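Undergrad: Number 677 marks the last residue of the sequence shown (the numbering used here); no jumps.
For every residue, glycine included, the Cβ atom is placed at its ideal position computed from N, Cα and C.
Here the structure is a predicted model, which means the values were calculated and not measured.
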Amino acid sequence: MRVLREQEKQRTNIYKAYAPDARTARKAAITFHANLLESNYDEGFLVLELSPQEIATLRSFGFRIEHAPEFIQKRDDFLTQIQQAADARQRMGATSTDATVQSIPGFSCYETVEETFTAAQNFATSFPNLATWLDVGDSWQKTQGLGGYDMRVLKITNSAIGGTKPKLFITSAIHAREYTTAPLSLEFARWLINGYGNDPEATWIVDHHEIHLMLQTNPDGRKKAEGGLSWRKNTNTNYCGATSNSRGADLNRNFTFGWNSTGGSGSSGNQCDETYRGPSAGSEPEVQAVQNYIRSIFPDRRGPNPNDGAPADTMGMHIDIHSYSQLVLWPWGTTSTPTANGTALQTLGRRLAYFNGYTPEQSIGLYATDGTSDGPSYGELGVAAFTIELGSSFFESCSTYTSSTKPKNLPALIYAAKVIRAPYQIPAGADVLSLTLSNDASGGGVTAGTPVTVSASATDTRFNNSNGTEPTQTVTGAEAYIDTPPWSSGAVAIPLAASDGSFNSSTEGITGTLSTSGLSLGKHLVFVRAKVASGQWGPVTAQFLKIVNVTPPGNNETEPNDSRASANAVSTPGTWNGNMGSSTDSDYFVVNLPAGKTLTSTLTPNTSSDYDLYVYDSAGTQLGKSEKGTGAVDTVTLTNSTGASVQRFVRVKYYGGGTGATNGKYTLGLSW
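1) My parser needs the alpha helix (DSSP H) runs of 4 or more residues fully inside the stretch 161-204; what are they?
2) Hey, out of T123, E11, L42, whose CA is closest to V52's CA?
3) Rank W209, G376, H323, T261 by C-alpha distance to the C-alpha of S270 and give the top, closest one.
4) Using DSSP bridges, identify the partner residues of E54.
5) Could you tell me whether the Cβ atoms of D225 and G153 are closer together than 8 Å?
6) Report the residue ranges of all beta strand (DSSP E) runs contained in full by the stretch 419-485; include only those spanning at least 3 residues, in chain order.
7) How far does the alpha helix (DSSP H) with S131 in it extend, from its first residue to its last?
8) Please go through the same chain and pick out, in chain order, the residues whose beta-carbon is closer than 6 Å to the beta-carbon of P171, but skip the five residues on each side of it.
9) Cutting at 7 Å between CB atoms, please list the residues of its own chain near A666, excluding the five before and the five after it.
10) Assuming the contact rule is C-beta atoms closer than 8 Å, V575 and V595 should be a hit. Round their C-beta distance to whole Å, please.
11) Enumerate, from N- to C-terminal direction, the unbroken beta strand (DSSP E) stretches of 3 or more residues contained entirely within the stretch 486-514.
12) Within 10 angstroms of its Cβ, does G540 collect 16 or more other Cβ (buried), or is it exposed?
13) Take the Cβ of G543 as the centre, count every other Cβ of all protein chains shown within 10 Å, and call the residue buried at 16 or more, exposed below.
14) Return the first residue and the last residue of the beta strand (DSSP E) that N45 is part of.
15) Got a sec? Which residues, its chain only, sit under 6 Å from P412 by beta carbon, not counting five neighbours each side?
16) Taking its Cβ as the centre, do 16 or more other Cβ atoms sit within 10 Å of I87, making it buried, or is it exposed?
17) Just how far apart, CA to CA, sit R252 and W677?
18) Can you give the beta carbon distance from A281 to K238, rounded, assuming they're within the 8 Å contact cut?
19) List the whole-angstrom C-beta distance separating P428 from L353, where the pair is believed to meet the contact cut-off of C-beta under 8 Å.
20) Taking Cβ to Cβ, would you say V683 is nearer than 8 Å to V537?
21) By the DSSP assignment, the beta strand (DSSP E) with E71 in it spans what residues?
22) What are the start and end residues of each continuous beta strand (DSSP E) run of 3 or more residues lying completely inside the stretch 503-587, in chain order?
23) Determine the closest residue to V497 out of S510, L519, A317, G506, with distance taken between C-alpha atoms.
24) Quick check on the DSSP output: the alpha helix (DSSP H) that includes W145 runs from which residue to which?
25) Whole-angstrom Cβ separation of N259 and G274, contact assumed at under 8 Å?
26) Identify which residue in T148, A286, F112 has its Cα closest to the Cα of T240.
27) Compare the Cα-Cα distances from Q367 to each of V388, R569, P381, T342 and report the closest residue.
28) Restricting to runs no shorter than 3 residues, where is the beta strand (DSSP E) found entirely within the stretch 320-359?
29) If you reduce the DSSP assignment to three classes, tell me which class A389 lands in.
30) Taking one C-beta from the stretch 12-31 and one from the stretch 70-90 each time, how about it: are there three or more such pairs within less than 8 Å?
31) From H323 to D379, what does the alpha carbon distance come to, in whole angstroms?
32) Hey, quick one: how far does the alpha helix (DSSP H) through T29 stretch, first residue to last?
33) Is the number of C-beta pairs between the stretch 486-493 and the stretch 464-475 that are closer than 8 Å three or more?
34) State the start and end residues of the unbroken beta strand (DSSP E) segment that holds P304.
35) Residue ranges of each beta strand (DSSP E) run of no fewer than 3 residues wholly in the stretch 609-636, ordered along the chain?
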């Protein structure tokens, strides 16, 4: 590793490439992904490692090229720091003379290969009914008896519930130096496992879907990257010399479908090139493991011809997580011609990009790429396939990952998991948001027979329109189900109404009443979905409905609470009961909202009163409000996108002289 680090310091052909416009910059980030070292879209440049021929190519697209000595110095300082850490470990008598990610200052948020595997094994050991840790092949070094790793998949589903379940397959870290990708996949696994039974969304996904995670798709190469090297390929010593830090094959150019199909523009035949495709299609054992697994879990639903499409009801999805370019990409990358499923892929891509704010586009760059990971999934089998390019650097700081990359992209993966039953159809329907049940039915619970009011909003507006505009439709209906989701035999739909009396907008409040008569004690799941004018239903959103022997007393406001300084502290989600005075009055409640959580505040007044709802930060800055009329339910939803817990103050307000407090009661639901 010491020798390899010194080799890397000799690579000085590093440049800033200033793009003529943002669209061309993002196209170049796709085409020159193997060369990409850093991106700065705000200032209009990419940092790239370039040959003279590549410089000429970029200039032909209007780029201005400058040498980047400051990046070279930063790289050298980073490698020196890592070598010093490795030397210190050796002096301390560590069994390994090299640094792990944990010994690199500032990168403790990224698990090593070993720690990733240990976490996955612990899931399978601790939750055997939910998680299975599968051995699906070997890395190149392991096939040669040179150490190496098993190629493994973490499968997550509730094994107690049978039937045909749609599958989401996620691969990450196929390019070793892309630090953020495997930790994000592992965080998604934690959300699913730890959320089961506690989070209604995680619970229904694990009950009715299968999530398959290949957390480390290039484990041999990842160990090189953990030592600070900008290592992309696997570690096959048959290519480019056994001691070279340019050796190996680019696994994301080695897949069988479309291998070497672009006449050399989409991959390289040079063994030392970062996009070396390997000597033959699917030559690398890591790629063989991925392809064989994809073929084992998904049926073939696409014809053999390039223009053949998969049927609209095809189940399943494959997401390959990379870094970095802030893109959501879908096939084809070999041609600018859209696939036969191109419109549906675009709709879903714009849905995913809504959450992370990245640019959604077809994966063709300035010119084509070939032999990529979407080949076996979409190319062969017709499974919806996407590449998500995270963040803005390979060795992304923990502060950026924790505060931005992770909270932006975890919701995108959750949305993907919700729509895999029909990913070419469901994203064209409406999303259900802010789903709450009255009477604290999701918290303390209600006795069987107590009517429960469902309140939510439905919208067809959640698209990223930074690259074209997705058409939106009017929400035309909504329905709820208890315990049995709409796709299951025996499901009984409970119609929901528009809160304002008419479905005539792309965003609608929805409401209805659930009968709880005959429900058994314990937690139940309520599923809600909404449809648009085309008749397409969107994904279900779930909430817990708890049935108890005796309804627990509600939380009651405590006066004085008419200022932020005297706000009632709310430590757990629940419903609070309050009273308004007959003249101007305010009641404040304070929540410590954890990082990444979304606070939903729902104010239900009595039918004759007009109260309003506001949310503030700790400095008193208003973050959200709802000021509906007499008897209407007000809802404010806000997400804590920071990396730390924050205070949020929720205010119920009555303005004197308005529709009054003749019966001044209200309930305030607070959930997160």
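TA: According to the structure shown:
1) 186-200
2) Mapped onto the sequence shown, residue 52 falls at position 47. The option with the nearest alpha carbon to V52 is L42.
3) If you number the sequence shown from 1, residue 270 lands on position 265. Answer by Cα proximity: G376.
4) For the purposes of this step, residue 54 is taken as residue 49 along the sequence shown, with counting starting at 1. DSSP output for E54 lists I19 as bridge partner(s).
5) Numbered from 1 along the sequence shown, position 220 holds the residue referred to as residue 225. Numbered from 1 along the sequence shown, position 148 holds the residue referred to as residue 153. In this structure, G153 lies closer than 8 Å to D225 by Cβ.
6) 436-442, 457-464
7) As a working note, residue 131 is residue 126 in the sequence shown. Taken as a continuous stretch (DSSP letters only), the alpha helix (DSSP H) holding S131 covers 118-131.
8) Working through the sequence shown from its first residue, we reach residue 171 at position 166. H214, M320, G321, I425, R426.
9) Counting from 1 along the sequence shown, the entry for residue 666 is found at position 661. Caution is warranted here: a pLDDT of 45 is assigned to A666, below 50, making its placement in the model unreliable, and no coordinate value can be reported.
10) Here residue 575 refers to the residue found at position 570 when the sequence shown is read from its first residue. Here residue 595 refers to the residue found at position 590 when the sequence shown is read from its first residue. Indeed they touch by this definition, with Cβ atoms about 7 Å apart.
11) 499-503
12) In the sequence shown, the residue the question calls residue 540 occupies position 535. By the neighbour-count rule (16 or more Cβ atoms within 10 Å), G540 is not buried but exposed.
13) Your numbering for residue 543 matches position 538 in the sequence shown. Result: buried.
14) As a first step, residue 45 must be located in the sequence shown, where it is residue number 40. It spans 41-45 - the beta strand (DSSP E) in which N45 sits, taken as one unbroken run.
15) One-based indexing of the sequence shown puts residue 412 at position 407. Within the same chain, P412 has close Cβ partners G601, S646.
16) Sequence index remark: in the sequence shown, residue 87 carries index 82 (1-based). Buried, since its Cβ has 16 or more Cβ neighbours within 10 Å.
17) Numbered from its first residue, the sequence shown carries residue 252 at position 247. Numbered from its first residue, the sequence shown carries residue 677 at position 672. Looking at the two C-alpha atoms, the distance is approximately 49 Å.
18) Translated into positions along the sequence shown, residue 281 becomes position 276. Translated into positions along the sequence shown, residue 238 becomes position 233. Sequence check: residue 281 is Tyr here, not Ala. At roughly 7 Å, the Cβ-Cβ gap stays under 8 Å, so Y281 and K238 are in contact.
19) Taking the sequence shown and counting its residues from 1, one reaches residue 428 at position 423. Taking the sequence shown and counting its residues from 1, one reaches residue 353 at position 348. With 8 Å as the limit, P428 and L353 qualify as a contact, their Cβ atoms being about 6 Å apart.
20) Nothing can be reported for residue 683, as the shown portion of the chain is limited to 6 through 677.
21) By 1-based counting over the sequence shown, the position of residue 71 is 66. Element bounds for E71: 69-72.
22) 512-519, 527-537, 546-552, 573-575, 579-584
23) Taking the first residue of the sequence shown as 1, we reach residue 497 at position 492. Of the candidates S510, L519, A317, G506, the one whose C-alpha sits nearest the C-alpha of V497 is L519.
24) Residue mapping note: residue 145 aligns to position 140 of the sequence shown, counting from 1. Run containing W145: 145-148, per the alpha helix (DSSP H) assignment.
25) The residue given as residue 259 occupies position 254 in the sequence shown. The residue given as residue 274 occupies position 269 in the sequence shown. Contact doesn't hold; Cβ gap of about 12 Å is too wide.
26) For the purposes of this step, residue 240 is taken as the residue at position 235 of the sequence shown. Answer by Cα proximity: T148.
27) If you number the sequence shown from 1, residue 367 lands on position 362. It is T342.
28) 322-328, 332-335
29) As a working mapping, residue 389 is identified with position 384 in the sequence shown. Correct three-state label for A389: strand.
30) yes
31) For the purposes of this step, residue 323 is taken as the residue at position 318 of the sequence shown. For the purposes of this step, residue 379 is taken as the residue at position 374 of the sequence shown. Going from the Cα of H323 to the Cα of D379 covers about 8 Å.
32) The residue labelled residue 29 in the question sits at position 24 within the sequence shown. Note, T29: alpha helix (DSSP H), 27-36.
33) no
34) In the sequence shown, counting from the first residue as 1, residue 304 sits at position 299. P304 -> no beta strand (DSSP E), and no H or E assigned at all.
35) 617-621, 627-631
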